[in-house]
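In terms of mature numbering (1 follows the signal peptide of the UniProt record, and there is no 0), the sequence shown is residues -24 to -1, 1 to 96.
Note that CB positions come from ideal geometry on N, CA and C, so glycine has one too.
Remember, it's a predicted structure, so these values are computed and weren't measured experimentally.
For reference, the structure discussed in these notes is given below.
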Amino acid sequence: MTARTVCLLLLAPLLATGCSSDEAEPPPGDTQKGRAAIREYGCGSCHVIPGISGADGHTGPSLERIAKRVYLAGVLPNTPDDMARWIREPETVDPRTAMPNMGVSESDARDITAYLYTLK
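The structure is reproduced here in structure tokens:
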């Protein structure tokens, strides 16, 4: 057996499972509370957000399929912790962002993140 064959055999299980976020555990938080918080904070006035009635703003990007994106705000890896951070304190990630700090609580950010992670 060649070294190449051995490498392929060892890597095959990893390649077969992939890195899809579909396989990851859902982030902590309550998706229903997240939907309510999205409405409460008015996120839909700037973003299109599937599943939220009236969320049809075009100032910010559409959040359709946001759970599949690699980066948030162009710089943060798309992880639940980074998404919650971006939602709570966007100016700490990018001081020049147009996204306002809406005073989102930590628990609301977790719930909003849980909902947004359903958008695949």
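C-alpha distance - residue i paired with residue j, whole-angstrom precision
i, j, result
"I63", "M75", "9 Å"
"G79", "V46", "25 Å"
"T94", "A43", "7 Å"
"A13", "P71", "24 Å"
"D(-3)", "P4", "Annotation note: pLDDT 49 at D(-3) (below 50); position unreliable, coordinate value reported separately. Rounded to whole angstroms, D(-3) to P4 spans 15 Å at the Cα level."
"E16", "T35", "18 Å"
"Y91", "G20", "14 Å"
"D87", "G18", "15 Å"
"C22", "E1", "29 Å"
"L39", "T7", "15 Å"
Close Cβ partners of residue i (< 6 Å) along its chain, the five nearest in sequence each way excluded
i, result
"D32", "V24"
"K9", "D87"
Three-state secondary structure assigned by DSSP to residue i
i, result
"N77", "coil"
"Y17", "helix"
"S83", "helix"
"V69", "helix"
"D32", "strand"
"C(-18)", "Confidence at C(-18) is low in this model, with a pLDDT of 46, below 50, so its placement is unreliable and no value can be given for it."
"Y47", "strand"
"L39", "coil"
CB contact below 8 Å: residue i versus chain C
i, result
"A13", "Checking the listed chains, one finds no chain C in this structure; it contains a single protein chain."
Same chain only: Cβ atoms within 7 Å of residue i, ignoring 5 sequence neighbours per side
i, result
"L48", "N54, D58, M59 and W62"
"R41", "L95 and K96"
Expected contact under 8 Å - CB spacing of residue i and residue j to nearest Å
i, j, result
"P37", "T89", "In fact, because the Cβ distance is near 16 Å, the residues do not count as touching under 8 Å."
Same chain, Cβ closer than 8 Å to residue i, five either side skipped, listed in chain order
i, result
"P66", "A49, T73, M75, P76 and N77"
Best match in the options for proximity to residue i [C-alpha to C-alpha]
i, options, result
"R11", "T68, I28, G5 and R86", "I28"
"V51", "T68, T35, Y91 and Y17", "T68"
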